[in-house]
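Engineer: Please read through the structure below; I'll follow up with questions.
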Amino acid sequence: MSTPASFSHTPLDAADEVAIHGIVTDIEQAFNDNDPESLVRHIAPDALIVNPLGSVMHGPEEVRASTRPLLEGPLRNATAHYRLSDLAQLASGVVVAHKSAWSSRQAADSGEPPEMNALYVFVKRGGEWWIVRRQ
Numbered sequence: 158m159s160t161p162a163s164f165s166h167t168p169l170d171a172a173d174e175v176a177i178h179g180i181v182t183d184i185e186q187a188f189n190d191n192d193p194e195s196l197v198r199h200i201a202p203d204a205l206i207v208n209p210l211g212s213v214m215h216g217p218e219e220v221r222a223s224t225r226p227l228l229e230g231p232l233r234n235a236t237a238h239y240r241l242s243d244l245a246q247l248a249s250g251v252v253v254a255h256k257s258a259w260s261s262r263q264a265a266d267s268g269e270p271p272e273m274n275a276l277y278v279f280v281k282r283g284g285e286w287w288i289v290r291r292q
């Protein structure tokens, strides 16, 4: 078996990194506000999203339809705090990032392990970043 070649990625522009962090901040705020419309604002029409329960959804409409009853029901009083790490631009306009999630900022700040992890793929289209994959 051969050893895979090492991979180097293109450095991410500071403005793009800020924009991607902003998207995840928007998603955190939308979850905490129980706002399914804002929750899907950055999801591309051709996105494939896998939720924490393993359900596969295509595009923002399916994510909204799946999320709305949860935010109105069992997750109504839930909160989340997200942190991005390991952002890597794999090609021009294609970024992969790891998101760690806790139920509160205090849990994250105290060093507790994340309660959930997700991998995001962002693509820049028409000057705007979109989520095209999340699992």
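Residue numbers for the sequence shown follow the numbering used here, so the first one is 158 and each next one is one higher.
Glycine included, every Cβ here is placed at the ideal spot set by N, Cα and C.
Remember, predicted model here, so these are calculated numbers, not experimental data.
(1) Leaving aside the five residues before and after H166 along the sequence, list all residues of the same chain whose C-beta is less than 8 angstroms from its C-beta, in chain order.
(2) Residues bridged to V253 by DSSP?
(3) Once you ignore the five residues that flank R262 on each side, which residues in its own chain have a CB closer than 6 angstroms to its CB?
(4) Would you kindly work out how many angstroms separate the C-alpha atoms of V197 and V220, rounded to a whole number?
(5) My output table needs one value for L205: the three-state DSSP class, helix, strand or coil.
(6) From which residue to which residue does the alpha helix (DSSP H) around R221 run?
(7) Out of V280, R291 and P209, which has the shortest C-alpha to C-alpha gap to D173?
(8) Could you have a look at V213 and say whether DSSP puts it in helix, strand or coil?
(9) According to DSSP, is A265 helix, strand or coil?
Structural biologist: Let's see:
(1) So the qualifying residues of the chain are A245, Q246 and L247.
(2) According to DSSP, V253 bridges with A245 and V278.
(3) For R262, the CB contacts under 6 angstroms within the same chain, skipping 5 residues up- and downstream, are H238 in chain order.
(4) So the two alpha carbons sit approximately 7 angstroms from each other.
(5) Looking at L205 - three-state DSSP - the assignment turns out to be strand.
(6) Following the DSSP letters along the chain, one finds R221 inside the alpha helix (DSSP H) bounded by residues G216 to E229.
(7) Looking at the Cα atoms, V280 is the closest of the given residues.
(8) It is a strand residue.
(9) It is helical.
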